[in-house]
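Presented below is the structure to which this report refers.
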Amino acid sequence: MVTLRPLALDDAPDLTRIYSGASVRHTTGKPLTLDQAQEKIRAALARAAETPRAQWSWGILHEGDLIGLIALRRRTPVMGTISYILREDTWGNGYATHAAQQVTALAFTTAGLTRLEAMHHPDNPASGRVLAKAGFTRVGTSDRYTEDGSTVPYELYALENDSM
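Going left to right, the sequence shown walks through residues 1384 to 1547 as this note's numbering numbers them.
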């Protein structure tokens, strides 16, 4: 259904399409410029060369078209987090779920993690459904600060390696 691949510098125009419109409503809230997209890719490529590796980023492709981005971050030696974003016109097709399942498998094998966590904005229940379909369980909320200093209770999910 979808494939994952490392990002490349020439993905920047596609990244600006992904980080725009409704896709950013519950993330940064701001679309990426071409320069910001290029910097995001450069940073991902630099992190891929680090040892030990603490972060992985992949483009999500459907039929060769870059439709999203998914990342795995090591937070402790055994716990990591995943995050993802899809281009708005690709929502509702199971692409994020399929990508999350692929990254979960890699996290528990190649990266050697035993626990994954993810969260989503409370106004984005579709992301919660993605996590549930990928095997995660809702475990509570985590307050996130906004630019105006207020907090938003993000929905927090977890997945243990032994529950797969």
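Note that the Cβ used here is the ideal one computed from N, Cα and C, for glycine as well.
What you are looking at is a predicted structure, and each value in this text was computed from that prediction instead of being measured.
Have a look at the DSSP bridge pairing and note the partners of residue i.
i	result
tryptophan 1441	Pro1389 and Ile1453
tyrosine 1467	Ile1453
tyrosine 1540	Ala1501 and Arg1521
methionine 1462	Arg1498
arginine 1436	Note: arginine 1436 sits in no beta bridge, so no partner.
aspartate 1448	His1445
With DSSP run on the structure shown, which of helix, strand or coil describes residue i?
i	result
arginine 1521	strand
valine 1535	strand
leucine 1499	strand
methionine 1547	In this prediction, methionine 1547 scores a pLDDT of 46, lower than 50, which makes its location untrustworthy; the coordinate-derived value is nonetheless stated afterwards. Methionine 1547: coil per DSSP, three-state reduction.
arginine 1408	coil
methionine 1528	Note on identity: in this sequence residue 1528 is tyrosine, with methionine being the wrong assignment. Strand at tyrosine 1528.
threonine 1493	coil
serine 1403	coil
lysine 1423	helix
glycine 1477	coil
Would you please state the rounded distance, in angstroms, between the beta carbons of residue i and residue j? I believe it to be under 8 Å.
i	j	result
histidine 1503	glutamate 1543	The pair is not a contact, with the Cβ atoms about 19 Å apart (cut-off 8 Å).
isoleucine 1424	aspartate 1394	6 Å
leucine 1452	isoleucine 1465	Wrong, their Cβ atoms sit about 11 Å apart, outside the cutoff.
leucine 1444	threonine 1386	5 Å
proline 1414	valine 1407	6 Å
Skipping 5 residues on each side, what residues in its chain have a beta carbon closer than 6 Å to that of residue i?
i	result
alanine 1391	none
Figure out for me which residue from the options has the closest Cα to the Cα of residue i.
i	options	result
isoleucine 1401	Glu1530, Trp1474 and Ala1515	Trp1474
alanine 1509	Leu1496, Thr1524, Gly1477 and Asp1531	Gly1477
glycine 1442	Pro1435, Leu1455 and Arg1436	Leu1455
glutamate 1530	Gln1421, Leu1428, Pro1505 and Gly1412	Gly1412
glycine 1523	Val1461, Ala1541, Met1384 and Ala1429	Ala1541
arginine 1521	Asp1506, Gly1532 and Ala1501	Ala1501
So, at 7 Å on beta carbons, what are the nonlocal neighbours of residue i in its own chain, with the 5 sequence-adjacent residues on each side left out?
i	result
proline 1389	Ala1431 and Trp1441
alanine 1517	Thr1480, Ala1483, Gln1484 and Thr1487
glycine 1463	Leu1455, Arg1456, Arg1457, Ala1490, Ala1494, Leu1496 and Leu1499
methionine 1547	Residue confidence for methionine 1547 is low, a pLDDT of 46 falling below 50, so the modelled location carries little weight and cannot support an answer.
Should residue i be listed as close to the ligand FMN, given that the test is whether its C-beta is under 6 Å from any heavy atom?
i	result
alanine 1488	Judged by which ligands are present, the structure shown has none, so any question about the ligand FMN falls away.
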